[in-house]
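Visitor:
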Amino acid sequence: MNTPHQLHPVFPDDFLWGGALAANQCEGAWDEDGKGPSVADVTRHKPDVDPRDYRAGHAITLADIQAALEWTDSKGPYAKRRGNDFYHRYQEDLDLMAQMGFKTLRVSIQWSRLFPTGEETEPNAAGVRFYHELFRAMRERNIQPLVTLHHYEQPLATVFNHRGWYDRAMVDLFMRFAEVCFREYGEAVKLWLTFNEVDSIFRHPFTTAGLLAEHFEGMNMEEVCYQALHHQLLASARATRLLHELVPDARMGCMLTKLLHYPLTAHPEDQLTAQRTNRDNEMAADVHVHGEYPRWVERDWVRKGLHVEVADADRVELAAGTVDFLSFSYYMSLVSAHDEGERERVSGNLSSGVKNPYLEVNEWNWQIDPEGLRYSLVSLYDKYRLPLFIVENGVGIRETPDADRSIRDEARIDYFRRHIRAMGLAIDDGVELMGYTPWGCIDLVSMSTCEMSKRYGFVYVDADDEGNGTYHRTPKQSFDWYRHVIATNGREL
Ligand code: BG6
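Heads up: the sequence shown runs through residues 3 to 495, numbered per this note's numbering.
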């Protein structure tokens, strides 16, 4: 009989336990060794914005970018420029991850470190060298890299030279970057992802695709987003095919933000509203997995009068570049209703929905729902029949060390315990799950709010939102807990 914190052996022996980081939020060194400025480097923390719904705070204008470029102080609100200083401290961080027993680490490669403006024909040698050293250091510790090519980062110059991914020329620029990555790192990296949360273009077009509203005045922004998304999907399919050609033993995955929407009630209209929202959420995954747009999308374009340029040859490429596995982030669930009335709303990942009375929220108003993870795993696997990989999951918490410098993060342990249990139950339900990389395994800068205070890590980083602090690393209570989970292959939680 299992105790409440034990699971029967359900995780496969080769299950990839690990953690996840994104270069734009952890590396720092934003202008070192030839790196160019990226879209992430001009986004800033806005302490006056209500953290429980940060969507307005995340929006960016031309004036914001100009102000950012004039900001030269290394301290201040542009926290992604500093990250958690992983660029200089990755050896120490990898030691900590090896101590936890990580089998894998998800990282991303900054396009702007290899191609500072995106237009160069040859990559920046110092940038190429950095990732070689990083992957070598991972290999020395038996940590397998899982690498995202595009994680909310691209050269800032592409925003102005091309109006971001709206311009089809971006596909070629991206392919130049992808090809360098596959040729340089293909021997060390066998698991790749093309675009992080590719579906998020509709929620935050600037960070996802370099789309600045002022560049599209008088145009329909939904049409602009669809066109840019089409270019990303095309680039993703092309990169997948190229990877298969150049590195035949490597696998490519797509990456979806899993935003599960429950219907508010059994009212058929609520059911339909939730179904439509979930369908929207999974649209990009459909293209990656099935190699074609779902019929409803193109009908929607016609119905709404949207003109999205999709050449016949593009359709052939989409069909030829389908992915090998499906990865996703999962933090919370939301609720949809056909008539919300005055109901309270909650947010999450720059999205929002009606509040679910059965769930608690964290300080950023993200609902905590482990059963929703099980639900998502089962429904994604039933729909796509591809191996799944949870490449982000976790809970943001404000933390200050105790007098003895320890951080007792029971709430995080509880969150992970319940989510890992849900994963085990989903595996019992028949789901094929490759691995699990909790988000921000070492505290890093928040994507949406650009603050350090929203901490996700098993390791505390001594830095505040403005860049004060020693950046010293301290394992939290969850560090030992997660080490034990990995050591028992998920049997003891
Ligand atoms: C995911 C992103 O959406 O959520 C990460 O891929 C991000 O980049 C994570 O950091 C958590 O969101 P936030 O806004 O709390 O950092």
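A virtual CB, placed ideally from N, CA and C, is assigned to each residue, including glycine. Nothing here was measured: the structure is a model prediction, and the numbers come from that model.
1. Closer than 8 Å is the cut-off here; do at least three beta carbon pairs connect the segment 437 to 447 with the segment 458 to 467?
2. Note down, one range per segment and in chain order, each beta strand (DSSP E) of at least 3 residues found wholly within the segment 134 to 179.
3. Below 8 Å on the Cβ atoms is my contact criterion, and I expect residue 190 with residue 323 to pass it. Report the Cβ-Cβ distance as a whole number of Å.
4. For residue 350, count neighbouring C-beta atoms within 10 Å of its own C-beta (all shown protein chains included) and say buried if the count is 16 or more, exposed if not.
5. For residue 443, name the three-state secondary structure that DSSP assigns.
6. With a cut-off of 8 Å, do at least 3 Cβ pairs link the segment 119 to 132 to the segment 47 to 54?
7. Consult DSSP for residue 254 and reduce its assignment to one of helix, strand or coil.
8. Taking the alpha-carbon positions, what's the residue 482 to residue 399 distance?
9. Under a Cβ-count criterion, where at least 16 other Cβ atoms within 10 Å of its own Cβ denotes burial, should residue 364 be classed as buried or exposed?
10. Let me confirm a value: residue 353 is counted as buried when at least 16 other C-beta atoms fall within 10 Å, else exposed. Which label applies?
11. Could you pull out every residue in the same chain whose Cβ sits closer than 6 Å to the Cβ of residue 11, ignoring the five residues on either side in sequence?
12. For residue 34, I'd like the list of residues in its chain whose CB is within less than 8 Å of its CB, leaving aside the five on either flank, ordered along the chain.
13. Rounded to whole angstroms, what's the CA-CA distance from residue 342 to residue 269? Just pull it up for me.
14. The alpha helix (DSSP H) spanning residue 436 covers which residue range?
15. So, with DSSP's three-state summary, where would you put residue 207?
16. By DSSP's criteria, residue 265 is part of a beta bridge. Which residues make up the other side?
17. Would you identify the three-state DSSP class for residue 496, choosing helix, strand or coil?
18. Which value, in whole angstroms, describes the spacing of the CA atoms of residue 479 and residue 488?
19. Do the segment 222 to 235 and the segment 364 to 374 touch if we need at least three Cβ pairs shorter than 8 Å?
20. If we require 3 or more residues per run, which beta strand (DSSP E) segments fall completely within the segment 375 to 399?
21. Using the beta-carbon count (16 or more within 10 Å), is residue 43 buried or exposed?
22. Using only the alpha-carbon positions, how far apart do residue 280 and residue 406 sit?
23. Closest to residue 224 by C-alpha separation, out of 171, 245 and 282, would be which residue?
24. For the ligand BG6, is there a heavy atom less than 7 Å away from the beta-carbon of residue 166?
25. What three-state label does DSSP hand residue 323 in the structure shown?
26. When the distance is taken between beta carbons, is residue 320 closer than 8 Å to residue 235?
27. Give a yes or no on contact between the segment 56 to 64 and the segment 98 to 111, applying the rule of three or more CB pairs nearer than 8 Å.
28. Taking only the alpha-carbon atoms, compute the straight-line gap between residue 3 and residue 198 and give it to the nearest angstrom.
29. Cα separation between residue 221 and residue 161?
30. With DSSP as the reference, label residue 54 as helix, strand or coil.
31. Check whether the Cβ of residue 260 sits closer than 7 Å to any heavy atom of the ligand BG6, and report yes or no.
32. Can you list, in chain order, the residues of its chain with a C-beta nearer than 7 Å to that of residue 171? Leave out the 5 residues immediately preceding and following it.
33. Give a yes or no on whether the C-beta atoms belonging to residue 425 and residue 379 are separated by under 8 Å.
34. Should the segment 324 to 341 be regarded as contacting the segment 386 to 401, the criterion being three or more beta carbon pairs within less than 8 Å?
35. Would you report the Cα separation of residue 374 and residue 254, rounded to the nearest angstrom?
36. Mind checking which residues open and close the beta strand (DSSP E) that includes residue 22?
Guide: According to the structure shown:
1. yes
2. 146 to 152
3. Incorrect: roughly 23 Å between the Cβ atoms, too far for contact.
4. Counting Cβ neighbours within 10 Å, residue 350 comes out buried, since at least 16 surround it.
5. coil
6. no
7. strand
8. 18 Å
9. Burial of residue 364 is indicated by the presence of at least 16 other C-beta atoms within 10 angstroms of its C-beta.
10. Around the C-beta of residue 353, 16 or more other C-beta atoms lie within 10 Å, and the residue is accordingly described as buried.
11. 493
12. 89
13. 13 Å
14. Membership of residue 436 in any alpha helix (DSSP H) is not indicated; the residue belongs instead to the beta strand (DSSP E) covering 435 to 438.
15. helix
16. 338
17. Given a span of 3 to 495 for the chain in the structure shown, any question on residue 496 remains unanswerable.
18. 15 Å
19. The segment 222 to 235, when compared against the segment 364 to 374, does not touch it at the 8 Å Cβ threshold.
20. Counting whole runs of 3 or more residues, the segment 375 to 399 contains the beta strand (DSSP E) stretches 390 to 394.
21. buried
22. 46 Å
23. 282
24. no
25. In this structure, residue 323 counts as coil in the three-state DSSP scheme.
26. yes
27. Too few Cβ pairs lie closer than 8 Å, so no.
28. Because residue 3 sits at a pLDDT of 47, beneath the cut-off of 50, its placement in the model cannot be relied upon, and the following sentence gives the value as read from the coordinates. The alpha-carbon atoms of residue 3 and residue 198 are separated by roughly 41 Å.
29. 17 Å
30. coil
31. Because no heavy atom of the ligand BG6 lies under 7 Å away, the Cβ of residue 260 does not count as near it: no.
32. These residues qualify, in order along the chain: 164.
33. yes
34. yes
35. 26 Å
36. 18 to 22
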